[in-house]
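In order, the protein sequence lines correspond to chains A and B. Per the UniProt record's numbering, the very first residue in the first sequence carries number 1; after that it's consecutive. Per the UniProt record's numbering, the very first residue in the second sequence carries number 1; after that it's consecutive. For glycine and all other residues, C-beta sits at the position ideal for the given N, C-alpha and C. The model shown is predicted, which means the values in this text are computed figures rather than measured ones. Structure first, then comments.
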Amino acid sequence: MDKIVDVEICTGTTCFVMGAGHLMSLAEELPERLKGSVSIRFARCLGVCSVPDNGRPPFATVNGALIENASVENLVAACDLLLSGEKGMNYETV
Amino acid sequence: MKQYDNQANRIRKEVLVRVARAFFSEELRAIDRIPIDMRPRSGESSRCCVYKDREVLKYRAMAALGFGVEDETDELTSLHEYYEKAQQRTCVKDIGLTVIDIACHACQKSRYVITDTCRGCLGRACQTNCPKDAIEIVNGRAVIDSGKCVDCGLCMKACPYNAVVRSPVPCEEICPVNAVSKDETGREIIDQEKCISCGQCTRACPFAAIQERSQMIDVLGRLKEDRPVVAMLAPSVIGQFPGNLEQIITALRRLGFDAVEEVATGADETARREAAEWKERIESGDAFMTTSCCPAYVEAVRKHIPEIGKFVSHTPSPMAISAGFVRETSPDAVTVFIGPCMAKRVEALQSSDVDYVLTFEELGAMLIAAGIDVQECEAAVIDEPAEAAGRGFAVSGGVTGAIQTQFADQENNLQPVGFDGLDKKALLQLKMAATRGCGGNFVEVMCCEGGCMSGPGVLSNPKTAARQLNALLKDS
């Protein structure tokens with residue numbers, strides 16, 4: 001079975017206002033190559049915006065790694081990176 | 001539908017949040033630090049250097065305090081002095097959009113450009129099709145002589161390599177009324193005589209050089225005073241925040257609003273009156289009637305297509321009706337309309353019933369600064385919920401739907417026509433409609449494509465917000 005990348009988007013008020021509101025439709029905006037390989041969840045709040053060192057909201061995680069200033073572009077890039085790495089492994093195991 | 005989320009937009013929102021935070025911290029000097037905190041000397045810059053970024057940020061903070069570049073008489077005036085001035089303001093007078101001249105990139109005039117994709121081919125369809133002999137071949141590549149070019153675009157259509165592109169000036173391109181143009185330095189200026197305050201240019205500019213003057217500080221100030229302050233939430237609030245409408249109402253109360261009204265209730269009344277007005281007008285022989293709830297359209301009629309003026313409904317907008325309700329029950333209350341719209345500021349200025357207008361963006365900044373998380377708020381009880389028809393005003397076709405509901409159980413010859421988005425072409429069609437009609441007798445006009453849910457002050461993707469609205473309408 002293909003690997004699935006897990007994306008979790010924070011929907012706390014800070015993240016939502018700063019841009020996560022526009023990420024609610026991420027599933028539709030994924031490029032074809034990623035459809036079916038990405039699972040998207042919306043977190044009530046990831047609780048990371050109170051620490052300035054974490055960067056700027058909106059926040060998301062991709063397979064647990066924190067992404068600051070999350071956008072369709074940087075989330076897609078993170079998914080691509082993980083999938084291209086993991087596809088190599090898949091070829092050996094499939 | 002347009003999407004407004006980009007880095008330039010996020011910077012603007014961050015400034016609003018920081019200004020609101022400075023208000024709550026009551027530490028006046030914190031506001032002077034905003035440009036430095038956002039662009040520290042050791043950090044990266046978006047423009048040539050952090051120092052220019054800081055200057056632009058200072059003007060952004062000024063706009064967040066309600067001042068335009070035009071209000072600057074001395075460059076040495078610090079942000080905390082503007083803040084103090086803002087606090088002394090008792091009413092809103094100035095609402096015009098302001099161009100931060102140093103942020104404006106002074107984009108080259110809209111033009112056609114031949115890119116590197118040009119192969120200098122044998123066919124030279126570009127040259128053959130150019131009616132003005134404006135294309136030369138230099139070093140094996142086609143080049144457009146801008147002195148001869150008349151912007152017809154035939155070369156772009158002709159090129160088999162798609163090597164010709166049109167390079168637009170985004171703010172000028174989006175303005176439906178040609179109110180944005182260049183001054184002698186090449187930077188953009190807004191002709192306030194032409195501007196209809198639709199706010200499209202503020203979101204179209206990739207440098208976010210056009211800003212509105214915020215009324216956020218004024219509202220925050222009123223919330224601290226003894227007079228009751230009433231929030232009037234536009235129907236398009238659905239989907240603009242996490243959580244549901246009932247939780248948003250609680251969040252507003254926590255911010256300090258004494259009461260929260262759904263403008264959708266005013267919209268229900270607008271629909272009733274507008275339906276009656278339409279019937280009366282058509283029976284008296286009018287060819288058609290157009291809606292009056294979109295203030296940018298009303299401004300466009302006043303300034304650009306006066307010939308259609310007599311066809312515009314006289315029924316007050318949902319905001320005006322809701323504000324009237326509030327004034328009746330609590331005459332001394334401060335009224336604050338909260339919506340996605342910048343043109344509502346114009347309508348509010350002309351109305352004695354609406355004191356302030358905030359966008360969802362500004363409300364969002366206030367909630368962040370106050371540390372209020374909407375989803376943590378308990379659900380408020382809405383005593384008199386609005387009807388589905390009124391709540392539907394938020395999307396294109398919603399007003400028409402509400403009018404159709406009014407006539408649902410009676411004989412009528414309602415022939416609706418919709419203008420979903422006011423662009424240059426739509427303006428021309430409306431102009432012609434004054435004499436030739438427009439194929440219907442009830443004409444809904446929404447300046448923003450998609451309706452208010454795509455307004456310049458929204459926080460959500462219009463598609464997902466519309467979906468949430470539809471879900472709510474089923475329950476309304």
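**Study point:** Boundaries (first-last residue) of the beta strand (DSSP E) holding M232 of chain B
**Key:** Here the beta strand (DSSP E) through M232 of chain B covers V229 to L233.
Check your understanding: What residues in the region 2–25 of chain A bring their beta carbon closer than 7 Å to a beta carbon of chain B?
Key -> Listed in sequence order: T11, G12, T13, T14, F16, V17, M18, G19, G21, H22, M24 and S25.
Point to revise | Assigned secondary structure, T93 of chain A (DSSP; H/G/I helix, E/B strand, else coil) | key: At T93 of chain A, the pLDDT of 33 sits below 50, so the modelled position is not reliable; the number obtained from the coordinates is stated separately. Three-state DSSP puts T93 of chain A in a helix.
Point to revise | Below-7 Å beta-carbon distance, L367 of chain B vs any chain A residue | key: True, the Cβ-Cβ gap to chain A drops below 7 Å.
Exercise for review: Look up Q468 of chain B in the DSSP assignment and say whether it is helix, strand or coil.
Suggested key: Here Q468 of chain B sits in helix by DSSP.
Review point. Which two residues bound the contiguous beta strand (DSSP E) that contains M446 of chain B?
Key: Note, M446 of chain B: beta strand (DSSP E), F442 to M446.
**Study point:** Reduced DSSP secondary structure (H/G/I, E/B, other) of M1 of chain A
**Key:** With a pLDDT of 44 at M1 of chain A, under the threshold of 50, the modelled position of that residue is not reliable, and the figure given next carries that caveat. M1 of chain A carries a coil assignment under DSSP once its states are collapsed to helix, strand and coil.
Point to revise | CA-to-CA distance, I102 of chain B to R222 of chain B, given in whole angstroms | key: CA-to-CA, the gap between R222 of chain B and I102 of chain B works out to about 33 Å.
**Study point:** Neighbourhood of A208 of chain B by C-beta distance below 6 Å, restricted to the same chain and skipping five residues each side
**Key:** Contacts found: A8 and R12.
Review point. Would DSSP call E172 of chain B helix, strand or coil?
Key: Helix at E172 of chain B.
Check your understanding: If you draw a straight line from the C-alpha of Q196 of chain B to the C-alpha of M38 of chain B, how long is it?
Key -> Contrary to the premise, residue 196 of chain B reads as Ile rather than Gln in this sequence. Their Cα atoms are separated by approximately 33 Å.
Review point. According to DSSP, what are the bridge partners of M289 of chain B?
Key: Paired residue(s): B:F442.
Check your understanding: When Cβ atoms are compared, which residues of the region 351–382 of chain B fall closer than 8 Å to chain A?
Key -> Flagged, chain order: E361, G364, A365, L367, I368, I372, D373, V374 and Q375.
Check your understanding: Should T90 of chain B go down as buried or exposed, given a rule of 16 or more other Cβ atoms within 10 Å for buried?
Key -> The residue in question, T90 of chain B, is exposed, as its Cβ has fewer than 16 Cβ neighbours within 10 Å.
Practice item. Buried or exposed for F24 of chain B, please, with buried defined as at least 16 other CB atoms from any protein chain shown within 10 angstroms of its CB. Key: Result: exposed.
Exercise for review: Look up E384 of chain B in the DSSP assignment and say whether it is helix, strand or coil.
Suggested key: Coil, per DSSP.
Point to revise | 8 Å Cβ shell around G88 of chain A - same chain, five flanking residues per side excluded | key: Residue placement at G88 of chain A is flagged as unreliable, the pLDDT there being 39, under the threshold of 50; the coordinate-derived value follows with that caveat. Here the set comprises nothing.
Point to revise | Secondary structure of Y161 of chain B, DSSP reduced to three states | key: Of the three classes helix, strand and coil, the one that applies to Y161 of chain B here is coil, per DSSP.
Practice item. May I ask which residues mark the beginning and end of the beta strand (DSSP E) holding K344 of chain B? Key: From DSSP, K344 of chain B is part of no beta strand (DSSP E) but of the alpha helix (DSSP H) over K344 to Q350.
Exercise for review: Can you tell me which of the three DSSP states residue 534 of chain B falls into?
Suggested key: Chain B is shown only over 1 to 476; residue 534 of chain B falls outside these bounds and no answer can be derived.
**Study point:** Local conformation of Q87 of chain B per DSSP, three classes
**Key:** Of the three classes helix, strand and coil, the one that applies to Q87 of chain B here is helix, per DSSP.
**Study point:** Selection of the region 38–50 of chain A by Cβ proximity to chain B, strictly under 8 Å
**Key:** So the list reads R44 and C45, given in the order they occur along the chain.
Check your understanding: Who pairs with V62 of chain A in a beta bridge, going by DSSP?
Key -> Per DSSP, A:V7 and A:A65.
Review point. From the beta carbon of K13 of chain B, is the nearest beta carbon of chain A less than 7 Å away?
Key: It does: the Cβ of K13 of chain B has a partner Cβ on chain A nearer than 7 Å.
Exercise for review: Would you please verify whether the beta carbon of P316 of chain B is less than 7 Å from any beta carbon of chain A?
Suggested key: Output row for P316 of chain B: interface = no.
Check your understanding: Does the Cβ-Cβ distance between L79 of chain B and I114 of chain B come in under 7 Å?
Key -> No, these two residues do not count as a Cβ contact at 7 Å.
Check your understanding: Y356 of chain B: buried (16+ other C-beta within 10 angstroms of its C-beta) or exposed?
Key -> With 16 or more other Cβ atoms within 10 Å, it is buried.
Practice item. Could you give the DSSP three-state label for R141 of chain B: helix, strand or coil? Key: Here R141 of chain B sits in strand by DSSP.
Exercise for review: Can you tell me which of B:I174, B:V458, B:V230 and B:A402 puts its alpha carbon nearest to the alpha carbon of C205 of chain B?
Suggested key: Ranking the options by Cα distance to C205 of chain B, first place goes to B:I174.
Review point. Is M232 of chain B closer than 7 Å to V263 of chain B when the C-beta atoms are compared?
Key: In this structure, M232 of chain B lies closer than 7 Å to V263 of chain B by Cβ.
Exercise for review: Identify the continuous beta strand (DSSP E) that holds F419 of chain B and give its terminal residues.
Suggested key: Membership of F419 of chain B in the beta strand (DSSP E) is indicated by the continuous run P416 to D420.
Check your understanding: In chain A, what lies closer than 9 Å to F241 of chain B by C-beta?
Key -> Neighbours of F241 of chain B on chain A, chain order: T13, F16, V17 and G21.
Review point. So, helix, strand or coil for G39 of chain A, using DSSP?
Key: Reading the sequence as shown, one finds Ser at residue 39 of chain A and not Gly. Reduced to three states, the DSSP call for S39 of chain A is strand.
Check your understanding: By the 10 Å Cβ neighbour count, where 16 or more other Cβ atoms means buried, how is C159 of chain B classified, buried or exposed?
Key -> Taking a 10 Å sphere around the C-beta of C159 of chain B, we find 16 or more other C-beta atoms and assign the residue as buried.
**Study point:** Any 3 or more C-beta pairs closer than 8 Å across the region 51–63 of chain A and the region 12–30 of chain A
**Key:** Between the region 51–63 of chain A and the region 12–30 of chain A there are three or more inter-stretch CB-CB distances shorter than 8 Å, so the stretches are counted as touching.
Review point. How is the beta strand (DSSP E) around A103 of chain B delimited, first residue to last?
Key: First-last for A103 of chain B: undefined, no H or E at that position.
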